[in-house]
């Protein structure tokens, strides 16, 4: 499975859109991009996933570039409760999700 | 729905002691997983069970054993605990193993310290 690269930390003002980038330049055609987040020391929480089209749900939007080598998770109106570590994972036919260190997102009032 | 539950929440062991971490899910999921998370790191898969009656090794299986007791329950056993096994252990479940239906639901974790 492809590896991902994320910035170690980011800040965002409360109420603004938080845009979290992820690079996955070695992604192959049948691999999906998954996003999870981990608030404090709780168990990770699934956010969204996609293959090549942009996806949106009640939590976030996922924008995948046309060449699929990078993606951006968008939290449209960030709140203090969105402070967490966000993990971008590429997953295909193998059984396991490979978790990197993620991006620590801090929402500031 | 309780989702995924784990017991105990905290545990302190001495080197060489054994213990079993319990996990149960009430979502009728087929697949279950055990991960460990060390400070500042992402999760690493220890073992998984794609369906009732099957178990397979993940990335870091040494020092652990698992049992898929039934569809609901998946336990993780440390036979002879070592300080290197000090970590937070998460259990997860998913409807299936195959993409794209592999959304995993996680339990609250067990914080284990081995002295």
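Chains as they are written, first to last, in my numbering: chain A, 5 to 113; chain B, 11 to 125. Glycine residues also receive a C-beta, built at the ideal position from the N, C-alpha and C atoms.
Practice task
Out of A:106, A:110, A:111, A:113, point me to the one whose CA is closest to residue 51 (chain B)'s CA.
Solution key: Sequence index remark: in the second chain, residue 51 (chain B) carries index 41 (1-based). When only C-alpha atoms are compared, the closest one is A:106.
Exercise for the section: Take residue 17 (chain A) and list the residues in its own chain whose beta-carbon comes closer than 7 Å to its own, dropping the five residues that flank it on each side. Expected result: Counting from 1 along the first chain, the entry for residue 17 (chain A) is found at position 13. If we look at residue 17 (chain A) and ignore the five residues flanking it on each side, its Cβ neighbours are 112.
Practice task
Taking residue 98 (chain B) as the query, report the chain A residues whose CB atoms sit under 9 Å from its CB, ordered along the chain.
Solution key: The residue you call residue 98 (chain B) lines up with position 88 of the second chain. Going along chain A in sequence order, the residues near residue 98 (chain B) (Cβ under 9 Å) are 45.
Practice task
Indicate whether at least one CB of chain A lies closer than 8 Å to the CB of residue 113 (chain B).
Solution key: By 1-based counting over the second chain, the position of residue 113 (chain B) is 103. With 8 Å as the cut-off, residue 113 (chain B) counts as an interface residue toward chain A.
Problem - DSSP bridge partner residues for residue 22 (chain A) (one or two, in chain order) - result: If you number the first chain from 1, residue 22 (chain A) lands on position 18. BP columns for residue 22 (chain A) point to A:79.
Practice task
Quick one: using the 10 Å Cβ neighbour count with 16 as the cut-off for buried, is residue 15 (chain A) buried or exposed?
Solution key: Residue mapping note: residue 15 (chain A) aligns to position 11 of the first chain, counting from 1. Its Cβ having fewer than 16 others within 10 Å, residue 15 (chain A) is exposed.
Handout entry: Any chain B beta carbon closer than 8 Å to residue 105 (chain A)
Key = Within the first chain, residue 105 (chain A) is the residue found at index 101, counting from 1. So yes, residue 105 (chain A) belongs to the interface.
Exercise for the section: Check distances from the C-beta atoms of the region 45-60 of chain A to those of chain B and list, in chain order, the residues that come in under 9 Å. Expected result: Those would be 45, 46, 47, 48, 49, 50, 53, 54, 55, in chain order.
Exercise for the section: Identify the contact partners of residue 91 (chain A) in chain B, using a Cβ-Cβ distance below 7 Å as the criterion. Expected result: If you number the first chain from 1, residue 91 (chain A) lands on position 87. Within chain B, the residues near residue 91 (chain A) are 52.
Practice task
Under 6 Å Cβ to Cβ from residue 114 (chain A), same chain only, skipping five residues before and after it: list those, please.
Solution key: The requested residue 114 (chain A) is not part of the displayed model; chain A covers only 5 to 113.
Practice task
Could you have a look at residue 95 (chain B) and say whether DSSP puts it in helix, strand or coil?
Solution key: By 1-based counting over the second chain, the position of residue 95 (chain B) is 85. Of the three classes helix, strand and coil, the one that applies to residue 95 (chain B) here is helix, per DSSP.
Handout entry: Proximity test, Cβ basis, 8 Å: residue 20 (chain B) and chain A
Key = Along the second chain, read from residue 1 onward, the residue named residue 20 (chain B) stands at position 10. False, the Cβ-Cβ gap to chain A never drops below 8 Å.
Exercise for the section: Would you please verify whether the beta carbon of residue 117 (chain B) is less than 8 Å from any beta carbon of chain A? Expected result: In the second chain, the residue the question calls residue 117 (chain B) occupies position 107. It does: the Cβ of residue 117 (chain B) has a partner Cβ on chain A nearer than 8 Å.
Exercise for the section: Report yes or no: do three or more beta-carbon pairs, one from the region 42-56 of chain A and one from the region 69-88 of chain A, lie closer than 8 Å? Expected result: With a cut-off of 8 Å, the region 69-88 of chain A and the region 42-56 of chain A count as touching, because enough Cβ pairs lie within range.
Exercise for the section: Could you name the residues that DSSP lists as bridge partners for residue 89 (chain A)? Expected result: Walking along the first chain from the start, residue 89 (chain A) turns up at place 85. The partner list for residue 89 (chain A) (beta bridge, DSSP) reads A:42, A:108.
Handout entry: Among B:63, B:17, B:47, nearest to residue 96 (chain B) - alpha-carbon criterion
Key = Residue 96 (chain B) sits at position 86 when you count from the first residue of the second chain. Minimum Cα distance to residue 96 (chain B) is reached at B:47.
Practice task
Please name the residue in B:12, B:55, B:62 whose C-alpha comes closest to that of residue 98 (chain B).
Solution key: Counting from one through the second chain, the residue named residue 98 (chain B) turns up at place 88. When each option's Cα is compared against that of residue 98 (chain B), the closest is B:55.
Practice task
Grab the span of the beta strand (DSSP E) containing residue 53 (chain A) for me, first residue to last.
Solution key: Here the question's residue 53 (chain A) lines up with position 49 in the first chain. Taken as a continuous stretch (DSSP letters only), the beta strand (DSSP E) holding residue 53 (chain A) covers 49-54.
Exercise for the section: Let me know the secondary structure DSSP gives residue 125 (chain B) once reduced to three states. Expected result: Position 115 of the second chain, counting from 1, holds the residue named residue 125 (chain B). Note: residue 125 (chain B) maps to coil in three-state DSSP.
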